[in-house]
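Residue numbers (my numbering), protein chains in the order written: chain Y, 54 to 239; chain U, 35 to 432; chain P, 51 to 646.
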């Protein structure tokens, strides 16, 4: 695996290479070279099986990270190609010509993260949500709790107490308290 | 009516006036075509999923899968939960074999936090036992279920009874029947109850009988043979193109099995060889699953014979309430009854996962593969094709 | 088509004559013994720590007050209420329960017409399934959600420590501290029991996050003497620790010490970032530089008061310096805490004796308010025959003299009367001095209380024995044998019980069971008294006193005289943490008085 990665590195510059297991390597490739590298891996290195395409939202870096996880059925090992794309203008070259299954992933990414894959078939069709008018729901800044509170109707017959706070109010209400508690009380 | 089930040959004028390919242009305004929806009601369809069919006569010209009826954002919800809290949610992503998802979360968190080798041996054997039991109960529903799609209901009743017996064993071992919540980061949540092996052996003997009976009922059945043979053929060149895995791939001669290719737990210590066939049609897929049924019963016997009598069930790990995992990512996979399942797990150094993404076999099988297979098929065969691909909508929507 | 394929499926008809497999009575099917059904909670054992609520992934659990369960030390008085509209019966709440009180029974049928009934309090709301023994309980076989074992503290061995006064508890390393901090379930039950109500879960969290500067800030919110408390606090918090119900309690004291130890004193000012340069123009006098006085000075200084501490002895610290031996609390650690308080602008005048050098009334006139924390520095005598001999000492006097560097009398055989921490301190100090002087130890401590009810901390007794001192409890002192004006030893009789049925002090003895401890010196350590001689007679009349002879104070430690606040050992305790708490509260009281 190591020599193969070195070979790949000389062809396409790899970053953040992590040997996660003996049979699993993750590496980042520049956006421009990614589809090229994936095609090369599929056609010349026997990584014929697309296991998964996924996306991670690194909101603090302003990046989406796409993952193309490829499996080599002959050597029984996997390589995860990571591609960082801009979060503001998320766009990635479509790979629907490489595998018959990948357009579904791209359709899901579009719905769940708002990533655009120009040319990908049925990209703008609803995948799992219908009539969605919030921000794409898998983004980190979409708050499921807040959404549930405002969309559904809590019965409102429940109330909980924090043990330490409750004991303070019960047992030593006049004790000078910490700055934080003072702020909470106000 | 009976004609239909005995292999019905449509009259010539009912056949489509053109050869159907995925690229065929369909002009709905020509009144030659009709749109019908199959689903999303559950009976007859594998889970709440809809297939939008455009038909001409009995022949399907175009099919589109619609999912979303079960979407509750499980992956997103798990991002909001502590590492230990994730597994009760994860199991809802796959009703047929929930144990696989428990295993993924446990395995991924162990691997990323450096406890992968610390899991006690006894716990790993129990994990294997519960995973094989899950495969068994899935097959007990799946194999006769294929007969059910051709209106052969009796086998389903036998299968459901035997599946209930396995659920009884699950109840005894894990404390629950369907959603077991048994495999947890670091190990499992219970030891093997006293007398479990004997009771399991009783059930396995019943299943041995069933295997013979179902063979006579389905595989020596002219109706089943007529309808299933040559139906919805998967060819080996489709396998990589569409990402086909598991029994669907093995039925057309592509021998891929994670248990053999990338062994996990102690599968390398068990003696088995995944069955394969060459036809790649509905019949072959069902036949492979029937053989897997025999093999799974054998694997459970092997596991019960090889596993240690007792031991620790969980390794020492950090306090679950304060558990943080350094930044990292991994992909863990296993062979479920329906094929390769896996989970991409990303951590960012906090006490909650950054992202989890389940790779279920149905994601491809129920969308790109099914849509491709249905073109040109008969409306009456849609259920059979769906069940033979073992589609499971919850794992598509997550 | 094969004829066989047409006929074979008919074999299924064989089932017609088979016995049905249906369950005869599906409504009363007993679930498996491990089945996860409905909740039950042992209300007596539960302490309302809320870990079940914290781990519930569905937010199905609330903590609510329950009739008949009182909020007290170690019990929040809250009990979990479960919402079955959200519960998924995963039983994580059972697996983490610190007291093992929560469980799931194997009952699984419940029909009700009112949905609100499915929100119920297990163990309180009457339910038929509580009588069921079977169901899910916390699994064994090495299954635990947090470590039950405390991380051992490294100490010097008895042989290494016996011949010097070097501190023998080494303190946690980073790795050890983080491992110990990881055991905390952050319930916060301990905070109520701590006299100073320290933010214990918060500073333990700071250790886990390796943010010790934040930890120090949390400590100084409620305790300006963390180095000292991190070593010699009586750690009442650890007695109520929820983790301790099923394993060792958290080592809260050592964790506090770890935070204080790791922050260098030069950085305190920068880390704590407390500005005291703005004075509010008011002045407060504080009598005694012990824990309560220092604490009061610290909090008053933060509020902008000019504080002057009057200390009789040459150095600050009070009983912490002059009562606690150096091997438990090194002087440089006292200095570290005291110096930070001095950096805030607090002034200490050493060698000033209130009552003789300056009258208390004078202080009242010169300052806007006075806080007095003069402590318990007088020894108490057993008053048995022979105590008037010159070689019978009080423990407090000896301890003070050791610190002051005086040459004290150390004979070859010593007996100490008393079973408290002070008795252990003097026994172990004298044992060290004997070792240095004679190369061997012959020091016996005897107490009225038997081993199981000795007031000293258990570890003190164990460590004293490790250091070759003899601890022989359960004897009542009768007389000191004197021959030719010299102490020969101590006569004791067996003590049968110390307290009567009403828990009042009333010792009973077995007069026939006698023992004699030969000794050249006897040390009495049966308690300390306060020295209130600085209060003039007229002044005393203005004050109110409790039945036990203590000065009566209100909630904010204000005495009968408006400008005089009193706190520390003479009011509560005796221990350091009560003193700190008193000083903090008195500071608030003084602020309320002067800023009306």
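For each residue, glycine too, the CB sits at the ideal point set by N, CA and C.
Runs of the beta strand (DSSP E) lying entirely within the region 205-278 of chain U, each at least 3 residues long, are absent. Contact between residue 206(U) and residue 79(P) is ruled out by a C-beta separation of about 13 angstroms, above the 8 angstroms threshold.
The region 410-424 of chain U makes no contact with the region 142-160 of chain U: fewer than 3 CB pairs, one atom from each, lie closer than 8 angstroms. Following the DSSP letters along the chain, one finds residue 332(U) inside the alpha helix (DSSP H) bounded by residues 316-340.
If you check the CB distance, residue 304(U) and residue 336(U) come in under 8 angstroms.
The alpha carbon of residue 107(P) has as its nearest neighbour, out of 190(P), 457(P), 397(P) and 133(P), the alpha carbon of 133(P). Around the beta carbon of residue 135(P), a 10 Å sphere encloses fewer than 16 other beta carbons of the protein chains shown; the residue is thus reported as exposed.
Three or more pairs of CB atoms, one per stretch, sit closer than 8 angstroms, so the region 120-133 of chain U contacts the region 202-216 of chain U. Between residue 54(Y) and residue 78(Y), the C-beta gap is smaller than 8 angstroms, which places the two residues in contact. The three-state secondary structure of residue 152(Y), taken from DSSP, is coil.
In the DSSP assignment, residue 172(U) falls within the unbroken alpha helix (DSSP H) covering 155-182. Residue 403(P) and residue 636(P) have their C-alpha atoms some 22 angstroms from each other.
Listed along the chain, the chain Y residues whose CB falls inside 7 angstroms of the CB of residue 386(U) amount to none; the nearest CB is some 11 angstroms away.
Taking a contact to require three or more Cβ pairs closer than 8 angstroms, the region 55-73 of chain P and the region 144-158 of chain P do not qualify as touching. Closest in C-alpha terms to residue 219(U), from the list 142(U), 300(U) and 404(U), comes 142(U).
Distance check between residue 385(P) and each of 356(P), 478(P) and 339(P) places 339(P) closest, using alpha-carbon atoms only. Between the beta-carbon of residue 378(P) and that of residue 303(P) there is about 12 angstroms, and that puts the pair past the 8 angstroms contact cut. In the structure shown, the three-state DSSP call for residue 60(U) is coil. In this structure, 526(P) is the residue among 526(P), 551(P) and 530(P) with its C-alpha nearest to the C-alpha of residue 560(P). Rounded to whole angstroms, the separation of the alpha carbons of residue 191(P) and residue 74(P) is 37 angstroms. Taking 8 angstroms as the cut-off, the Cβ atoms of residue 402(U) and residue 153(Y) count as close. For a Cβ distance threshold of 8 angstroms, residue set 154 and 157 of chain Y lies close to residue 398(U), ordered along the chain.
In this structure, residue 131(Y) and residue 104(Y) form a Cβ contact; the two beta carbons are roughly 7 angstroms apart against a cut-off of 8 angstroms.
In this model, residue 390(P) and residue 298(U) are separated by some 58 angstroms (Cα to Cα). Taking the C-beta atoms as reference points, residue 121(P) is found nearer than 8 angstroms to residue 223(Y).
Counting C-beta pairs with one atom in each stretch, the region 458-477 of chain P and the region 504-524 of chain P have three or more that are closer than 8 angstroms, which means they touch. Within the same chain, Cβ atoms closer than 7 angstroms to the Cβ of residue 448(P) are found at 458, 476 and 573, the five residues on either side in sequence being excluded. For residue 76(Y), the three-state secondary structure derived from DSSP is coil. The region 465-499 of chain P contains, as complete beta strand (DSSP E) runs of 3+ residues, the segments 493-496 (chain order). Against residue 247(P), the close residues of chain Y are 221, 225, 228 and 230, in the order they occur along the chain (beta-carbon pairs closer than 8 angstroms). Annotation: residue 237(P) to residue 62(Y) spans about 51 angstroms, alpha carbon to alpha carbon.
Taken through DSSP and simplified to helix, strand or coil, residue 133(P) comes out as strand. Of all residues in the region 347-373 of chain U, those with a C-beta nearer than 8 angstroms to a C-beta of chain Y are 362, 363, 364, 365 and 367, reading in chain order. In the three-state reduction of the DSSP assignment, residue 424(U) falls in the coil class, being assigned neither a helical nor a strand state.
Taking a 10 Å sphere around the C-beta of residue 384(U), we find fewer than 16 other C-beta atoms and assign the residue as exposed. Proximity to residue 412(P) across 201(P), 224(P), 586(P) and 602(P) peaks at 586(P), based on C-alpha coordinates.
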